[in-house]
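So the sequence shown is residues 1 to 395, counted in full-length UniProt numbering.
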Amino acid sequence: MDRNPARLCVLRGAQMALFPMAVLSVFLQRQVGFTVTDIMLLQAVFGMAMVIFEFPSGYLADRIGYRRTLVLAFALWTVAWPIYGYSTTWWGVAGAELLLGVGMALLSGCDSALMYESLLATGREHEFARWSGRHTFWGQLAEGGGALAAGLLFAWGVQGPFLAQGAASAVGLLVALSLVEPPRERPDFTDSLGQVRAMIRHVARENTELRALIVAVVVLGLASFIPVWTVQLYAVDAGLPEPWLGPMWAVANFTVALAALASHRLVGRWPLAATAGLCAALIVLGYLGLGLSHVWWGFVAYYALMVMRGLQGPVFRHREQQLVPSSDRAGFVSLRSMVFRSGFLVAGPLVGWSVDHRGQHWTMLVLAGVFFVASCLVALGLRRVARSGSDSGAG
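As structure tokens, then:
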């Protein structure tokens, strides 16, 4: 069990190599004939699968075991990626996205829950933020490396990146089989509906800090996730040569990796509200840079959003794990992920429509204002919760 955290980092690398990502928008636009709206609608299909299966998968993982759930997830991914590469129609690509969505739903919350429980069982719970940073670091490092190789694979054959990711998923399947399930309280399926209602009630009414934290993670997550599906086309439209797409994507992922690795040192001792305030500043810097710049290297502003993503992830996830009960750890994390996917299900197609009809720059400026207001409200909410907790403690 001592080796579980390191193996989960390897597992994250196999999951996040994501060779197709650096060329995916270009692949969909040129090989399948998608518009930006189509791409966002496709991601909405992925998001819909996540919304439908996200919470049930976390609920299931808490009961059948994290190792079994991870094995099933990587088995689905091993099959889905080659299907994606050879699809030439909307329905073929959507079917592959559906399989990937189910696999991602199974993964969501499961790996972090297994890591936290493994550290807790070995008396190392205090190391979670550090291991979470490493977990993100190796995932983003793998994605950056995959991006560097994506151009060569794409030049070799348009299916190359997808077949490479299928092979990486097969490696992840082998690593998942080597994990050790930690001892913990494992609930049964008795009164499942009542248990689900109790979990939702706990977030919605009983635990104000957990609710504020979930809102914060969702808002900041959307701020960094939406440009992922537009920045490639933004850069190409601005004049970036297509062979540079891989390095551009790699640098973005290396930026997240380094920020995540340093997160517990830089902001680990900060109040969460202060970290959210820093994130608000980085969001404005990133979106305003994208919106106001009209030169080919304007995509560099995107890296401010990647710094934000890396800094906030480990510290917010650590506090989240401390607040949720062990018996339903993956379920609560999946509940938060379901809220995030629901948000993108609404926002993604709207952003795609805006890009198609109003252009990238106008859309980025609007998003700068929207996310700045939302992230400031998040910071104020976290501050209010922290003050009320302090006042309660003082009383």
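Even glycine gets a Cβ: it sits at the ideal position worked out from N, Cα and C. Quick caveat: nothing in here was measured; it's all calculated off a predicted structure.
Selection L72, L290, W91 evaluated against G103 yields L72 as nearest (Cα-Cα). In the three-state DSSP reduction, M50 falls in the helix class (H, G or I). Taking T69 as the centre and dropping the five residues before and after it, the same chain places the C-beta of A61, L106, C110 closer than 6 Å to its C-beta, in chain order. Inter-residue distance for W131 and T88 is about 40 Å (C-alpha atoms, whole angstroms). Contact between G268 and E181 is absent: CB atoms are separated by about 29 Å, not below the 8 Å threshold. For R3, the three-state secondary structure derived from DSSP is coil.
By the neighbour-count definition (other C-beta atoms within 10 Å, threshold 16), W77 is a buried residue. Just measuring C-alpha positions, the residue of P325, G348, A14, G359 sitting nearest G146 is A14.
DSSP, reduced to helix, strand and coil, places Y234 within a helical segment of the structure shown.
For A301, the CB contacts under 6 Å within the same chain, skipping 5 residues up- and downstream, are G286, G289, L290 in chain order. Counting C-beta pairs with one atom in each stretch, the stretch 147-161 and the stretch 11-28 have three or more that are closer than 8 Å, which means they touch.
Taking 4 residues as the shortest admissible run, the stretch 231-318 contains the following complete alpha helix (DSSP H) segments, listed from N- to C-terminal end: 231-238, 245-266, 272-292. Boundaries of the alpha helix (DSSP H) around H357: 329-358.
DSSP places A17 outside both helix and strand once states are collapsed to three, so it counts as coil.
E206 sits exposed, since fewer than 16 C-beta atoms from the chains shown fall within 10 Å of its C-beta. Relative to the Cα of H135, the nearest Cα in the group A259, Y303, I283 belongs to A259.
Of the candidates D356, A368, D328, P314, the residue whose Cα lies closest to the Cα of F128 is P314. The three-state reading of DSSP puts F34 in coil, since its state is none of H, G, I, E or B. With at least 16 other beta carbons inside 10 angstroms of its own, H264 counts as buried. Contact between V333 and A113 holds, since their C-beta atoms are separated by about 6 Å, short of 8 Å. Here DSSP, grouped into helix, strand and coil, assigns S112 to helix. In terms of CA proximity to R211, E320 leads the group G194, E320, V79. Between L367 and A276, the C-beta spacing is not below 8 Å. In the three-state reduction of the DSSP assignment, P56 falls in the helix class. Annotated as distal: L173 and F53, with beta-carbon spacing of 8 Å or more.
Excluding its 5 nearest sequence neighbours in each direction, R12 has C-beta neighbours in its own chain below 6 Å: H135, W138, G139, listed in chain order.
Judged by their CB atoms, S375 and T363 are not nearer to each other than the 8 Å cut-off. In the same chain as F371, and ignoring 5 residues on each side of it, the C-beta atoms closer than 6 Å to its own belong to A223, I283, in chain order. For Q140, the uninterrupted alpha helix (DSSP H) segment begins and ends at 128-156. Across the set G92, A44, M1, the C-alpha of A44 shows the shortest separation from the C-alpha of G343.
When D356, Q195, W81, V307 are compared, the shortest CA-CA separation from L261 is found for V307. Taken through DSSP and simplified to helix, strand or coil, S178 comes out as coil. Nearest in C-alpha terms to W244, of all of Q322, L148, Q29, is L148.
Here the alpha carbon of T35 sits roughly 13 Å from the alpha carbon of G348. In summary, A273 is buried, with 16 or more beta-carbon neighbours lying within 10 Å of its beta-carbon over all protein chains present.
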